[in-house]
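Student: What follows is a single structure, and I will ask about it in a moment.
In the numbering used here, the protein residues as written are 95 to 327.
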């Protein structure tokens with residue numbers, strides 16, 4: 095699960111160090127970059143400052159229940175969440191899924207199945223939002239599963255934040271995405287007032303995509319509101 099933008103970041107939230115130690119080499123072997131959190135509070139902080147593409151979450155955390163973590167995350171992010179828990183009761187599964195989890199895997203688990211569930215959660219989130227796995231606009235192609243960006247057949251190297259910004263615009267292609275939405279979903283709730291920071295990143299993104307900043311044809315500015323990515327049928 096890698097691309098020119100680097101590995102897909104997976105946030106593993108589990109208070110058992112042995113589980114995290116077991117998962118790290120297995121995930122790394124499949125091209126994932128693992129971010130760790132041992133509590134609900136730490137999980138929310140890591141989700142905000144590291145912007146993972148998928149979250150693997152245990153329900154039995156020391157400071158708060160995993161379902162509460164899911165609800166808190168769903169207040170500001172649609173990042174896929176796969177629950178990994180020893181709890182096997184149907185009521186626990188329903189509570190987690192109703193709160194916004196994308197899937198539920200019971201411990202003990204087979205690594206092959208867990209990896210398949212992670213891939214499925216990523217694909218499902220794309221389809222749920224109505225996007226094709228590969229977005230095209232003119233000579234721009236963005237593969238949302240492999241995290242690959244190409245312009246006129248040439249690979250474009252983006253930083254993780256630049257890619258996350260482009261991905262969000264792609265997911266809402268043809269529609270205006272407000273500055274607040276972009277800042278909140280890419281950088282987290284603590285950054286909703288950093289509009290100058292956003293303008294800098296939009297400028298960098300335009301430059302790398304060959305979009306003239308003085309007369310942009312790909313990423314359009316809606317003054318005082320936000321930005322819109324041009325979508326072609």
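Quick reminder that beta carbons are idealized off the backbone N, C-alpha and C, glycines included.
Keep in mind it's a predicted model, so treat the numbers as computed, not measured.
Consult DSSP for residue 229 and reduce its assignment to one of helix, strand or coil.
Tutor: strand
Student: State yes or no: is the C-beta of residue 271 within less than 7 angstroms of the C-beta of residue 278?
Tutor: no
Student: Using the Cα positions of residue 210 and residue 147, report the straight-line distance between them to the nearest angstrom.
Tutor: 15 angstroms
Student: Report yes or no: do the stretch 225-245 and the stretch 188-195 share at least 3 C-beta pairs separated by less than 8 angstroms?
Tutor: no
Student: Classify residue 157 as buried or exposed, calling it buried when 16 or more other Cβ atoms lie within 10 Å of its own Cβ.
Tutor: exposed
Student: Roughly how many angstroms lie between the CA atoms of residue 322 and residue 314, to the nearest whole one?
Tutor: 5 angstroms
Student: How should residue 256 be labelled, buried or exposed, when 16 other C-beta atoms within 10 angstroms of its C-beta is the threshold for buried?
Tutor: Buried is the call here.
Student: By the three-class DSSP mapping on this structure, what secondary structure does residue 109 have?
Tutor: Here residue 109 sits in coil by DSSP.
Student: How would you write the range of the alpha helix (DSSP H) that residue 316 sits in, first residue to last?
Tutor: Here residue 316 belongs to no alpha helix (DSSP H); instead the beta strand (DSSP E) covers 313-316.
Student: Excluding the five sequence neighbours on either side, which residues of its own chain have a C-beta within less than 7 angstroms of the C-beta of residue 316, listed in chain order?
Tutor: 270, 322
Student: Ignoring anything shorter than 4 residues, give me the alpha helix (DSSP H) runs that lie fully in the stretch 127-155, in order along the chain.
Tutor: 134-144
Student: Do residue 300 and residue 307 come within 7 angstroms of each other at the CB atom, strictly closer than that value?
Tutor: Taking 7 angstroms as the Cβ cut-off, residue 307 and residue 300 qualify as a contacting pair.
Student: Could you check which residue in 281, 302, 263 has the C-alpha nearest to that of residue 324?
Tutor: For residue 324, the nearest C-alpha among the options comes from 263.
Student: For residue 151, collect the residues of the same chain with a Cβ closer than 6 angstroms to its Cβ; drop the 5 residues on either side in sequence, then sort them by chain order.
Tutor: 107, 160, 175, 177
Student: Going straight from the alpha carbon of residue 112 to that of residue 236, what length do you get?
Tutor: 37 angstroms
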